[in-house]
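Protein chains: 2
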Amino acid sequence: MKLSTRGRYGTRALLDLALHSDESPVPLKDIARRQQISLPYLEHLVMPLVSGEIIRSTRGAHGGISLLKPPEKIRLSEVIRLLEGPIAPVECVIHPDICPRVGSCATCDIWEEIKKAIYGVLEGTTLQELVERQRQKEASRNGEALGSEGTTRCDQPKDT
Amino acid sequence: MKLSTRGRYGTRALLDLALHSDESPVPLKDIARRQQISLPYLEHLVMPLVSGEIIRSTRGAHGGISLLKPPEKIRLSEVIRLLEGPIAPVECVIHPDICPRVGSCATCDIWEEIKKAIYGVLEGTTLQELVERQRQKEASRNGEALGSEGTTRCDQPKDT
DNA sequence: TACTATGTTGATTTATTTAGTCAACAATAG
DNA sequence: CTATTGTTGACTAAATAAATCAACATAGTA
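These protein sequence lines map, in sequence, to chains A and B. Sequential numbering from 1 applies to the first sequence in the working numbering. Sequential numbering from 1001 applies to the second sequence in the working numbering.
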């Protein structure tokens, strides 16, 4: 029941993009540096977001990626689905037709409930909310202790 | 965000045990056959449940495994924790101390919420409820269509 | 006692997925 | 034309999942 780096890095990249976008595209290189994600890896990570039409990419000098929709219209449910695939914890919830007898197995009901619970959280959270939370945290952090480290990252070191 | 076979097979094995236990221990061989799980694999699977004191095992002839607690006292949250480890979707929710600055990363809040949502479902479900659900399903199935297949399994074929 | 049925443990194997790199290529701005 | 950026696909290394196998321990039974 773990999220892979795709979901985690990808979400952080999107949050970083939202925090730093001002009309002009944001180069992947900058996001990679700020979020401490290897550039070649990040390039692959964001591709599903491009084809999912969450972001647009611009090649060439001064290129980069930019949001295709306002952050309040981007739901984490879609982001995670694009980055990690279906949210359900087991296949039979995704493809009930492969179950020899759907509806005869009590455990699947529980897996279905878990799927709905996860989906509820992700569907109810937009990128805009993430942005606001992040700004709030950074503000309160500056208030309490000045001059500490630069950009912080949460899941970087070993959160497999 | 997938459950591994450990969690799935283990839960089914436990449900099978609860459905077939009548004082005497149930041999792993029987559970393996009914649930179509390879015996050597099942042997490894149930070990965490033994050390977690969910079940007791008896060696020798007429041996097998038996529940150590009444099914209504066995919560899926504990079963899954024993079989799959911590429920949180990322490490930093499990070990906040490894985060360079806990509380400064907005995405972790969401992962924490997801953890709570999953936990809520699992904590709120007991083995007894699974048993009742299963009996109910089998009863209604016999009512609607007689003489179909034997034991059904839901997640067996390909629910990775 | 000997034998059979069962669980226990640890080593080993195989396949899959994850995470990441590399290199060739395409497009755009200046 | 050149530097800068994204795009694509092949490739690799490491970790994890999903078993399998063999040697052993224990309990019942003839």
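Don't be surprised by glycine CBs; every beta carbon is placed ideally from N, CA and C.
| query | result |
| --- | --- |
| DSSP has Val1046 (chain B) in a bridge; who is on the other side? | BP columns for Val1046 (chain B) are empty, so no partner. |
| Give me, in chain order, the residues of the same chain whose beta-carbon lies closer than 7 Å to that of Met1 (chain A); leave out the 5 immediate sequence neighbours on both sides. | Pro89 |
| Quick one: what's got a C-beta closer than 8 Å to Val46 (chain A)'s C-beta in the same chain, skipping five residues either side? | Gly10, Ala13, Leu28, Ile55, Ser57 and Ile65 |
| Just checking, does the stretch 1026-1040 of chain B make contact with the stretch 1104-1120 of chain B on the three C-beta pairs under 8 Å criterion? | no |
| Give a yes or no on whether the minimum CB-CB distance between Thr1107 (chain B) and chain A is below 8 Å. | yes |
| Distance, Cα to Cα, Arg141 (chain A) vs Glu132 (chain A)? | 14 Å |
| Taking beta-carbon pairs under 7 Å, can you tell me which members of the stretch 1070-1084 of chain B lie near chain A? | Leu1076 and Glu1084 |
| What is the rounded straight-line gap between the Cα of Thr5 (chain A) and the Cα of Ile98 (chain A)? | 29 Å |
| Measuring straight from C-alpha to C-alpha, what distance separates Leu1015 (chain B) and Lys116 (chain A)? | 22 Å |
| When we look at the beta-carbon of Gly7 (chain A) and count the other beta-carbons within 10 Å, is it buried (16 or more) or exposed? | buried |
| Got a sec? Which residues, its chain only, sit under 8 Å from Leu83 (chain A) by beta carbon, not counting five neighbours each side? | Arg6, Gly7, Gly10, Thr11, Leu45, Pro48 and Leu49 |
| Using beta carbons (cut-off 8 Å, strictly below), is Arg1006 (chain B) in contact with chain A? | no |
| For Gln1134 (chain B), count neighbouring C-beta atoms within 10 Å of its own C-beta (all shown protein chains included) and say buried if the count is 16 or more, exposed if not. | buried |
| Measure from the alpha carbon of Gly120 (chain A) to the alpha carbon of each residue in A:Ala139, A:Glu78 and A:Gly85, then state which is nearest. | A:Glu78 |
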